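Asks: So for the sequence shown, the working numbering puts the first residue at -3; every next one is plus one.
Idealized CB from N, CA, C, for every residue including glycine.
What you are looking at is a predicted structure, and each value in this text was computed from that prediction instead of being measured.
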Amino acid sequence: MDDINRHYRFLNWRRRMREIREVRAARYRERLKRMSRDGDVLRYHGNSDEVGCFVAARPLSKRNRYFEVTIMDTGVRGMIAVGLVPPLYKLDHQPGWLPNSVAFHADDGKLYNGNTVGQQFGAKCSTGDRIGCGISLDCDEGQLTVFFTKNGAEVGSVDIPASPDALYPAVGMHSLGEEVLLDLNAEWGTDQDDGQMIVDSHEEDWARLHDIKATGMLLEYVGKGKSIVDVGLAQARRPLNTRCHYYELEIADAGEKCYIALGLARRDYPKNRHPGWSRGSIAYHADDGKLFHGSGVGDAFGPRCFEGDIMGCGIMFPRDFNLDAGDEGDDWDLDLVSPPAEVQNDLYANNEDEGEGEGEDLEGRKATVFFTRNGKVVGRREVVLPVRGFYPTIGMMSTGEKVRVDLRPLSG
-3 MDDINRHYRF
7 LNWRRRMREI
17 REVRAARYRE
27 RLKRMSRDGD
37 VLRYHGNSDE
47 VGCFVAARPL
57 SKRNRYFEVT
67 IMDTGVRGMI
77 AVGLVPPLYK
87 LDHQPGWLPN
97 SVAFHADDGK
107 LYNGNTVGQQ
117 FGAKCSTGDR
127 IGCGISLDCD
137 EGQLTVFFTK
147 NGAEVGSVDI
157 PASPDALYPA
167 VGMHSLGEEV
177 LLDLNAEWGT
187 DQDDGQMIVD
197 SHEEDWARLH
207 DIKATGMLLE
217 YVGKGKSIVD
227 VGLAQARRPL
237 NTRCHYYELE
247 IADAGEKCYI
257 ALGLARRDYP
267 KNRHPGWSRG
277 SIAYHADDGK
287 LFHGSGVGDA
297 FGPRCFEGDI
307 MGCGIMFPRD
317 FNLDAGDEGD
327 DWDLDLVSPP
337 AEVQNDLYAN
347 NEDEGEGEGE
357 DLEGRKATVF
367 FTRNGKVVGR
377 REVVLPVRGF
387 YPTIGMMSTG
397 EKVRVDLRPL
407 SG
């Protein structure tokens, strides 16, 4: 009888172990529908009327909290989504459409957070762009901060009610020809000492932020946006020079009216004036395509710019030009007894307005300022450089406007 009982217990034990192995295998098995995987390449295999979806085998974790997808081909419509979903997510829905899922969609730049209606979040993505998704563990219990990146720069983040081990990397596709390269082991800047997430605020790049909030490389207008005095201004800490003579912005969100201006201005430029409106400044305005050069009346210059467009501004310096301040110096500290402890942000500090009659001597060398749109030169204008140089200056003036700025796009 004892032998029979031992044999019975042994059979029960084997059955339980087999069930456990099957559960584990199902839990840690990637799932995909209307898609194929060849190594790290995912391809859409459907008729464009049906969604294809891939869900990774393992959720994000404390050790592996970030992944990336590189768009190799946008196909017919570029309807590619990158995000996080729960383990039993329905594979005939794009990530972000169903509850407890969140995703950034490449075709419209919107964030979908458990809803088929997205919210404007970032710029559209195209072939060659790299979309990243990760989690930050520095948040309240029961809440999780999910962030998204594009080409190594943070786009934004959202807090959702979830735990880290409940969200799986997911990729959705919805049109013929779509193809991506998946990297489930990508890394996002981490501190080796404490393992906490590091996101560079880039605030040290800016000397003045008036009614503008900086998050990584993203600048967001936070002013009233009701009249022409409600300008938000961001001015870089260093002027353009022969080593860094060009910068760009990408319109991440055109806001209500796309009153976005990209240009150059003197160091003491008034904080409540759009770049180009006052003396010692020049700017290309996105809403009407006009060039403003020290005047409130613009000249027809180039095409209007919209969400997703990349605007650039640079200087063609004379061959023997040399800015006395030097490339590495901090020009905003030249006249101060001690340097400021942090960026001056007029959103939080109520400073006096700069007067139109005040400022530095504008007489200097002549140079040519040029502007670009999506990599092509729009036009040029000869200017007289302020003695201390021309500083990259960006203006915004309507609710919801966001731009992503690269002050050194040619640095490699």
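1) Roughly how far, in whole angstroms, is the beta-carbon of Gln116 from the beta-carbon of Asp249, given that I think they are within contact range, below 8 Å?
2) Which residue wins for smallest C-alpha separation from Ile306, given the options Gly290, Gly251, Val373, Arg263?
3) Shortest alpha-carbon distance to Gly385 belongs to which of Pro266, Arg234, Thr395?
4) Nearest by alpha-carbon distance to Leu467: which of Val225, Ser223, His281 is it?
5) When the Cα of Tyr419 is compared with those of Val65, Arg376, Ile76, which residue comes out closest?
6) How is the beta strand (DSSP E) around Met169 delimited, first residue to last?
7) At the level of alpha carbons, what is the spacing between Leu149 and Met213?
8) Around the C-beta of Val72, are 16 or more other C-beta atoms found within 10 angstroms, so that it is buried, or is it exposed?
9) Hey, how far is the Cα of Trp184 from the Cα of Gly292?
10) Between the beta-carbon of Val81 and the beta-carbon of Val142, is there less than 9 Å?
11) I need the DSSP call for Asp207, collapsed to helix, strand or coil.
12) Under 6 Å Cβ to Cβ from Gln90, same chain only, skipping five residues before and after it: list those, please.
13) Judging by CA-CA distance, which residue of Ser57, His206, Thr211 is the nearest neighbour of Leu163?
14) Rounded to the nearest angstrom, what separates Gly396 and Asp316 at their Cα positions?
15) Give the secondary structure of Asp284 by DSSP, where H, G and I count as helix, E and B as strand, and everything else as coil.
16) Please report the distance separating the alpha-carbon of Gly391 from that of Glu378.
17) If we cut at 9 Å on Cβ distances, does Gly221 have a partner in chain D?
18) Which residues does DSSP pair with Glu246 in a beta bridge?
19) Whole angstroms are fine: how far does the CA of Ser44 sit from the CA of Thr389?
20) Classify Lys146: buried if its beta carbon has 16 or more other beta carbons within 10 angstroms, exposed otherwise.
21) Quick one: Cα of Ile311 to Cα of Val218, how far?
22) Buried or exposed: Phe302, going by 16 or more other Cβ atoms within 10 Å of its Cβ?
23) Report yes if the CB atom of Arg30 is closer than 9 Å to the CB atom of Leu178, and no otherwise.
24) State the DSSP-derived secondary structure class of Glu64, mapped to helix, strand or coil.
25) Report yes if the CB atom of Tyr243 is closer than 9 Å to the CB atom of Ala232, and no otherwise.
26) CA-CA distance, Ile224 and Leu215?
27) Might you give, ordered along the chain, the residues of its own chain that have their beta carbon closer than 8 Å to the beta carbon of Arg404, omitting 5 neighbours on each side?
28) Residue ranges of each beta strand (DSSP E) run of no fewer than 3 residues wholly in the region 81 to 106, ordered along the chain?
29) Where do the ends of the beta strand (DSSP E) carrying Ser32 lie?
30) Taking Gly79 as the reference, give the member of Thr70, Val365, Pro95 with the closest Cα.
31) In this structure, does DSSP put Asp226 in helix, strand or coil?
32) Over what stretch of residues does the beta strand (DSSP E) that includes Thr145 continue unbroken?
33) Give the DSSP bridge partners of Thr389, in chain order.
34) Just mark Ser153 as buried or exposed, buried being the case when its beta carbon has 16 or more other beta carbons within 10 Å.
35) Does Glu267 pass the burial test, meaning 16 or more other C-beta atoms within 10 Å, or should it be called exposed?
Replies: According to the structure shown:
1) Here the question's residue 116 lines up with position 120 in the sequence shown. Here the question's residue 249 lines up with position 253 in the sequence shown. Confirmed, Cβ separation roughly 5 Å.
2) Here the question's residue 306 lines up with position 310 in the sequence shown. The candidate whose alpha carbon is nearest that of Ile306 is Val373.
3) Start at 1 with the first residue of the sequence shown, and residue 385 comes out as number 389. That would be Arg234, whose Cα lies nearest to the Cα of Gly385.
4) Nothing can be reported for residue 467: it is not among the residues displayed for the chain, which extend from -3 to 408.
5) Past the boundaries of the shown model lies residue 419; the chain is included only from -3 to 408, so the question cannot be answered.
6) If you number the sequence shown from 1, residue 169 lands on position 173. Met169 -> beta strand (DSSP E) spans 164 to 169.
7) On the sequence shown, position 153 is the one that residue 149 refers to. On the sequence shown, position 217 is the one that residue 213 refers to. The question names Leu, but residue 149 in the sequence shown is Ala. In a straight line, the C-alpha of Ala149 is about 7 Å away from that of Met213.
8) Taking the first residue of the sequence shown as position 1, residue 72 is located at position 76. Looking at its Cβ environment, which holds fewer than 16 other Cβ atoms inside 10 Å, Val72 is exposed.
9) Against the sequence shown, residue 184 aligns to sequence position 188. Against the sequence shown, residue 292 aligns to sequence position 296. The straight-line gap from Cα to Cα measures roughly 44 Å.
10) As a working note, residue 81 is residue 85 in the sequence shown. As a working note, residue 142 is residue 146 in the sequence shown. No; because the gap between Cβ atoms is not below 9 Å, this pair is not in contact.
11) On the sequence shown, residue 207 is found 211 positions in, with the first residue counted as 1. Looking at Asp207 - three-state DSSP - the assignment turns out to be coil, as it is neither helix nor strand.
12) By one-based count along the sequence shown, residue 90 stands at place 94. Contacts found: Val47, Ala77, Gly168.
13) For this step, residue 163 is matched to residue 167 along the sequence shown. Per the Cα distances, Ser57.
14) In the sequence shown, the residue the question calls residue 396 occupies position 400. In the sequence shown, the residue the question calls residue 316 occupies position 320. Their Cα atoms are separated by approximately 43 Å.
15) Taking the first residue of the sequence shown as 1, we reach residue 284 at position 288. It is coil, neither helix nor strand.
16) By 1-based counting over the sequence shown, the position of residue 391 is 395. By 1-based counting over the sequence shown, the position of residue 378 is 382. Each residue's Cα considered, the two are about 22 Å apart.
17) In the structure shown, chain D does not exist; there is a single protein chain.
18) Position 250 of the sequence shown, counting from 1, holds the residue named residue 246. Ile306, Arg400.
19) Here residue 389 corresponds to residue number 393 of the sequence shown, with the count starting at 1. Here residue 44 corresponds to residue number 48 of the sequence shown, with the count starting at 1. If I take the Cα positions, the gap works out to 44 Å.
20) The residue labelled residue 146 in the question sits at position 150 within the sequence shown. Lys146 is buried by the Cβ-count criterion.
21) For the purposes of this step, residue 311 is identified with residue 315 of the sequence shown, where counting begins at 1. For the purposes of this step, residue 218 is identified with residue 222 of the sequence shown, where counting begins at 1. The straight-line gap from Cα to Cα measures roughly 30 Å.
22) Position 306 of the sequence shown, counting from 1, holds the residue named residue 302. Exposure of Phe302 is indicated by the presence of fewer than 16 other C-beta atoms within 10 angstroms of its C-beta.
23) What you label residue 30 is simply residue 34 of the sequence shown in a count that begins at 1. What you label residue 178 is simply residue 182 of the sequence shown in a count that begins at 1. Judged by beta-carbon spacing, Leu178 lies beyond the 9 Å limit of Arg30, meaning their Cβ atoms are not closer than that value.
24) Stepping through the sequence shown from its first residue, residue 64 is reached at position 68. In this structure, Glu64 counts as strand in the three-state DSSP scheme.
25) Locating residue 243 in the sequence shown gives position 247, where the first residue counts as 1. Locating residue 232 in the sequence shown gives position 236, where the first residue counts as 1. Contact: yes.
26) Mapped onto the sequence shown, residue 224 falls at position 228. Mapped onto the sequence shown, residue 215 falls at position 219. Answer to the nearest angstrom: the Cα atoms are 19 Å apart.
27) Taking the first residue of the sequence shown as position 1, residue 404 is located at position 408. Once the five neighbours on either side are set aside, the close Cβ partners of Arg404 are Cys240, Tyr243.
28) If we require 3 residues or more, the beta strand (DSSP E) runs fully inside the region 81 to 106 come out as 98 to 101.
29) On the sequence shown, position 36 is the one that residue 32 refers to. From DSSP, the beta strand (DSSP E) with Ser32 extends over 31 to 34.
30) Residue mapping note: residue 79 aligns to position 83 of the sequence shown, counting from 1. Considering only alpha carbons, the answer is Pro95.
31) Position 230 of the sequence shown, counted from the first residue, corresponds to residue 226. Reduced to three states, the DSSP call for Asp226 is coil.
32) In the sequence shown, the residue the question calls residue 145 occupies position 149. That run of the beta strand (DSSP E) goes 139 to 146.
33) Along the sequence shown, one-based indexing puts residue 389 at 393. For Thr389, which the question treats as bridged, DSSP gives the partners Gln231, Gly259.
34) Here residue 153 corresponds to residue number 157 of the sequence shown, with the count starting at 1. Ser153 should be labelled buried.
35) Locating residue 267 in the sequence shown gives position 271, where the first residue counts as 1. Strictly speaking, residue 267 in this sequence is Lys, with Glu absent from that position. With 16 or more Cβ atoms within 10 Å of its Cβ, Lys267 is classed as buried.
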